[in-house]
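Under my numbering, think of the first position of the sequence shown as 572, with each following residue one higher. Below is one structure, written out as structure tokens; the observations come after it.
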Amino acid sequence: MFEFILPIVFFLTFCYIIYKHSFFHFSFLKRTLLPLIFTVKIAVALVFFLLYTFYYQDRSTADIFKFFDDSVVLFNLFHESPSDFFSLIFGGKTSLIQEAYINKLNFWVNSNPNELYNDSRLMVKLNALLHLVSFGYYGVHLVAFTFLSFVGFAFLYKAFERFFEYKKLLLLVVFFVPSVLFWSTGVSKESVLF
């Protein structure tokens, strides 16, 4: 039951923030419309989740699950040694305890050693930190990452707003291009990108 209630609480909290915070006020829109747009993104995120739950069932190849699954392993370090957990998340020397947990992770190390930046590691870390408030419920991660994406799209809209006369058209382009709307929801790298 709590697995369903907690994501709803997070969703309602984010809707309240969107409704109240001045950053999310667009001059031509009623204040109630942006929480509605966020609700659309959540609905698309649920479709994304269902697609990867029932159609693409291999969790080890699905970005929306593989980082979450690794973060569960990493978060177990928090229970054993909170200081080692935070040291691993925020940098610092690696201890033997940390090494033992790192060795259990499937996506901590890139398969391509020539890459300078490991975005998989960032995703595992973000998910592991989110476990502090999500209690391990995937739905909370889904809502939080979708909100993060929504904030990014609001920034994107605000960056281009002064250059466009047709504000409503810009809003549609920024928030509702189908492929971007789909791929930028849920627990994915794209949510963080936007």
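Glycine residues also receive a C-beta, built at the ideal position from the N, C-alpha and C atoms. Because the structure is a prediction, the values reported are computed rather than measured.
Cβ shell of residue i (< 7 Å), same chain only, five flanking positions each side left out
i: K760; result: D634, D690 and M694
i: H596; result: R602
i: P606; result: C586, I589 and Y590
Residue interval of the alpha helix (DSSP H) (run including residue i)
i: V711; result: Y709 to E732
i: Y590; result: F573 to K591
i: W754; result: P749 to W754
i: Y623; result: L604 to F625
i: Y737; result: Run containing Y737: none; DSSP gives neither H nor E here.
i: V766; result: The question about residue 766 has no answer, for the chain in this structure spans 572 to 765.
C-alpha gap between residue i and residue j, whole angstroms
i: S750; j: R630; result: 22 Å
i: T756; j: L600; result: 23 Å
i: I579; j: V758; result: 16 Å
i: F716; j: E574; result: 17 Å
i: L577; j: T610; result: 16 Å
i: R733; j: A725; result: 13 Å
i: K738; j: L621; result: 33 Å
Outcome for residue i when other beta-carbon atoms lying within 10 angstroms are tallied against a minimum of 16
i: K729; result: exposed
i: K627; result: Checking the sequence shown, residue 627 turns out to be Tyr, not Lys. Label assigned to Y627: exposed.
i: G707; result: exposed
i: K664; result: exposed
i: G710; result: buried
i: K612; result: buried
i: H702; result: buried
Proximal residues to residue i (C-beta, below 6 Å), its chain only, five neighbours per side dropped
i: A699; result: S642, L645 and F646
i: F636; result: R630
i: I673; result: W679
Cβ separation of residue i and residue j, assumed to be a contact under 8 Å, to the nearest whole Å
i: L764; j: A616; result: Wrong, their Cβ atoms sit about 15 Å apart, outside the cutoff.
i: V638; j: F649; result: The sequence shown places Phe at residue 638, rather than the Val named in the question. Not quite, the Cβ-Cβ distance comes to about 17 Å (not below 8 Å), so this is no contact.
i: L727; j: V745; result: 5 Å
i: F705; j: S762; result: Looking at the sequence provided, one finds Ser at residue 705 rather than Phe. Their Cβ separation, rounded to whole angstroms, is 15 Å, which puts S705 and S762 out of contact at 8 Å.
Any non-hydrogen atom of the ligand ATP closer than 7 Å to residue i Cβ
i: F639; result: This structure simply doesn't include the ligand ATP, nor any ligand for that matter.
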